[in-house]
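These protein sequence lines are chains V and C, in that order.
Position one of the first sequence corresponds to residue 1 (the numbering used here), numbered consecutively onward.
Position one of the second sequence corresponds to residue 1001 (the numbering used here), numbered consecutively onward.
Beta carbons: idealized from backbone N, C-alpha and C, even for Gly.
Notes follow once the structure below has been shown.
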Amino acid sequence: MGLKEKLHNIKGKVDGTNWQTMFGAVHTLFYTPNETTHSGGHLRAADDLKRIMVNVVLPLIPILIFGMFNAGFQHNAAINGFPQGMGFFSPEFWNFDNLAIGAMKLLPLVIVSYVVGLGIEIFFATINKHEVEEGYFVTGMLVPLIIPIDTPLWMLTVAIIFGVVIGKEIFGGTGMNILNPALTIRAFLFFAYPTWMSGDKVWVTGAVERTNEIAAGANLDAISGETILGSLAQGNELAYSVSDMFFGFIPGSVGETSTLLILLGGLYLIYTKVASWRIIVSSVIGALVMGLIFNGVVDAGWITESSKFYTLMSTAYWQHLLIGGLAFGIVFMATDPVTASQTNKGKWIYGFLIGFISVMIRVFNPAYPEGVMLAILLMNVFSPTIDHYVVQGNVKRRLKRLKAKTA
Amino acid sequence: MGLLSKKDTKLITDPLADNNPITIQVLGICSALAITAELKASIVMSIAVLFVLGVGNVVISLMRNIIPSKIRIIVQLIVVATLVIIVDLILKAFAYELSKTLSVFVGLIITNCIIMGRFEAFALANGPWRSFLDGIGNSLGYAVILIIVGFFRELLGSGSLLGIKVLGDPIEKTGVYAFGYENNGFMLLAPMALITVGIIIWVQRSRNEALIEDN
């Protein structure tokens, strides 16, 4: 008897019991359920929620694997020194040693993220007697990618419970949320445990442990690694080459470093029409425009080197796309179809403002170096308003046309 | 019960749960968000409101037949303001540190919607004894929520209760901190107070579905 028949057999037994929702979640993971909507007129499309979610998770997998290698690489580079002039396929990066260190750290994060998140989804689905929705598949993969690799597992658990319950379930679950759940989880971590979310100890795995060992009297060298944004905010020079930043051999949250893989993922999302190209393009334009304005301010001499904003302001406008989580946020979070604007014109405005505000927060608020998180959450809140005015504008224009015709 | 009739008892017990000024009427939210980061401040604030609302309700009730209705709001404001100034001066004299923590929010009791609401809705139409009970009931309802919110915010945010470090010392790493626990800084910020109040509202309404409004 194959897996398929077995599952269908079990299904007959659990239907109507409390286990129905939980089993349904497992069942739908392997096979499309053999039942369809009974009532009403429906468009039947191959792109169900599950397929859309899988299409977002797919491009995240290379980023996750890259993140594992990078975690080990950053750890070793912080101890042994950073190798110069690496190509994308350098053996210094892609070796088993790096992978082992990264996987040891990263897999628990992924497992905790899925177990806790899906546990809450199933709990609420059982109470509310509806099916478990697939929305958490993407969130569960995004969360480990946007936090520092050394985040303690219990903090992640607390944050996921908060993010999924307050950010999503109280609004009615998948598809009803106002804020992006993954970013809600990160924002919670960021404000609740700031020492674990910023500074120069959290981005390289082992740095915190090493610091504690030294404090306990061990004779070791301290390791530290500041994100590029963090070090620029303190007025330091850019310490990495452009190719390192593009390939992603830099410290940072697990998934945000490799602009190359994010770019490929973005192209895949646009190709499969899961993500809106309008949002991606307009966000990039928004970030570039804000960067150009800042560069212009520096060139015009309105701001001098003594200003604490000088280093970030004088960063070349296009480099903002390579550093920090801007690229990752634009491709994978700003395009979340639930929380983004729905109208095409609205998407342009929504995206543009995300890019624009991200770079603005970066430069003007060194305490919150990762502006893209706050910018997307802010625009999430405003996206229904944007849609409202776009729709009203359209209604007004058409009424005017109608009047002109009938008059 | 000899002292209170059934109707009078309801005046005290109703605002504690099913007609709570904060979670049901959603009044007096500002102070509930602002001063609940510490349990001690919540308790003192509750006592202050208890005094102002209890005494104020009696005063307004005694004057209810001689206040011209056109200027009743001004009269009410004068009564609250007088009582609030008494509270403020007492705090400054006997608990200076605490009055600095509460800062402007003691003064802002004047604008606490619960107080004006009770004056308007109850004291102007009822006798002094019943008004007194109503004032006590409503300020106790306010106090319950403030203390619950203050309890959780101080416990999770600072790891202490009434200033006593019940979870151990975060710097010396004793108690639960030895296992890697850390205080949740978000609990000390106002948004988390709003969310805590929201969770109380959620729990209360899911236990008693009659409280859910239609919309």
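Chain C within 8 Å of residue i, Cβ atoms only
i	result
ALA192(V)	yes
PRO91(V)	no
ILE170(V)	yes
PRO152(V)	yes
PHE188(V)	yes
ILE122(V)	no
ILE149(V)	no
ILE166(V)	yes
Beta bridge counterpart(s) of residue i as assigned by DSSP
i	result
ILE1164(C)	LEU1161(C)
Coarse secondary structure for residue i, derived from DSSP in three states
i	result
TYR240(V)	coil
MET1001(C)	Caution applies to MET1001(C), whose pLDDT of 46 falls short of 50 and renders its modelled position unreliable; the model cannot decide the point.
ASN98(V)	helix
GLY984(C)	Because residue 984(C) is not part of the residues shown, which for chain C are 1001 to 1215, the question remains open.
ILE161(V)	helix
GLU1120(C)	helix
PRO384(V)	helix
LYS50(V)	helix
GLU134(V)	coil
MET141(V)	helix
Residue i, buried or exposed, once every other Cβ within 10 Å from all chains shown has been counted against 16
i	result
GLN84(V)	exposed
MET104(V)	exposed
GLU121(V)	buried
PRO148(V)	buried
LEU402(V)	exposed
GLY393(V)	exposed
VAL408(V)	Residue 408(V) lies beyond the stretch modelled for chain V, which goes from 1 to 407, so this question has no answer here.
THR1174(C)	exposed
PHE171(V)	exposed
ASN180(V)	buried
ALA1121(C)	exposed
ASP387(V)	buried
ALA239(V)	exposed
GLY1163(C)	exposed
LYS129(V)	exposed
GLY1159(C)	buried
MET1192(C)	buried
PHE1179(C)	exposed
PHE89(V)	exposed
MET176(V)	exposed
ASN9(V)	exposed
TYR418(V)	The displayed coordinates of chain V run from 1 to 407. Any statement about residue 418(V) would go beyond what the structure contains.
CB contact check: residue i to chain V, cutoff 8 Å
i	result
GLU1213(C)	no
MET1001(C)	Below a pLDDT of 50, predicted positions are generally treated as unreliable, and MET1001(C), at 46, falls in that range; the measurement from the model is reported next regardless. MET1001(C) does not count as touching chain V.
LEU1189(C)	yes
GLU1209(C)	no
GLY1185(C)	yes
ASN1195(C)	Just to set this straight, residue 1195(C) is Ile in the shown sequence, not Asn. Judged by the 8 Å Cβ criterion, ILE1195(C) is in contact with chain V.
GLU1172(C)	no
GLU1182(C)	yes
TRP1129(C)	no
THR1101(C)	no
C-beta atoms of residue i and residue j nearer than 8 Å
i	j	result
ILE1115(C)	VAL1080(C)	yes
LYS168(V)	ARG278(V)	no
THR151(V)	LEU109(V)	yes
ALA275(V)	LEU321(V)	no
GLY1135(C)	LEU1053(C)	yes
ILE1022(C)	VAL1197(C)	yes
ILE63(V)	GLY265(V)	yes
VAL143(V)	ILE185(V)	yes
ILE160(V)	GLY230(V)	no
PHE356(V)	MET313(V)	no
ALA316(V)	THR259(V)	no
VAL14(V)	GLN20(V)	yes
ILE376(V)	ALA407(V)	no
GLY255(V)	LEU145(V)	yes
ILE354(V)	MET379(V)	yes
LEU1016(C)	VAL1104(C)	no
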